[in-house]
Each structure stands twice: as structure tokens, then as C-alpha cells.
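A.B. asks: If you count by my numbering, then the sequence shown holds residues 189 to 240, one letter each, in order.
C-beta atoms are modelled at their ideal positions from N, C-alpha and C, and glycine is treated no differently.
First, the structure itself, so that you have it in front of you.
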Amino acid sequence: CGRCRQVINEAAQMGSCDLPVHCGAAEGDAIRTYTVSELLPDAFGPANLGIR
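Right, here's the structure in full:
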């Protein structure tokens, strides 16, 4: 959800990294990996406010 992505984005910005997010389905589909910036493009977070 968008709120979850925002929380993950803020944690990633605080750690100065683009965290990987692993996504899978219950039916045994392949696990896909995305970065936070791929899942939440043009994000706004602590770094935009000068907070580290």
C-alpha cells in the first residue's frame, strides 16, 4: 500500500540507501525484487526537508 511504501522510503532515506523490496505470491510464482525508488517514484521524505 502507499502508506507502507512511504514508511519504507523514509527508512531508506534515513539510511542513505535504496532498499530492495522482495515481492512474491502465495501460489509459488517467481519472487521479484524492486528498489524503493521503483515502487515509489518521486517520493518525498526526510531528505527533502534536510533531515538525516
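Who does Val195 pair with in a DSSP beta bridge?
C.D. replies: Note: Val195 sits in no beta bridge, so no partner.
A.B. asks: Tell me which residue opens and which closes the alpha helix (DSSP H) that Leu227 is part of.
C.D. replies: It spans 224-227 - the alpha helix (DSSP H) in which Leu227 sits, taken as one unbroken run.
A.B. asks: Excluding sequence positions up to five away, which residues of its chain have a Cβ less than 6 Å from the Cβ of Ser225?
C.D. replies: Taken in chain order, the residues that qualify are Asp206.
A.B. asks: For Ala218, is the classification buried or exposed, using 16 other Cβ atoms within 10 angstroms of its Cβ as the cut-off for buried?
C.D. replies: Exposed: under 16 other Cβ atoms inside 10 Å.
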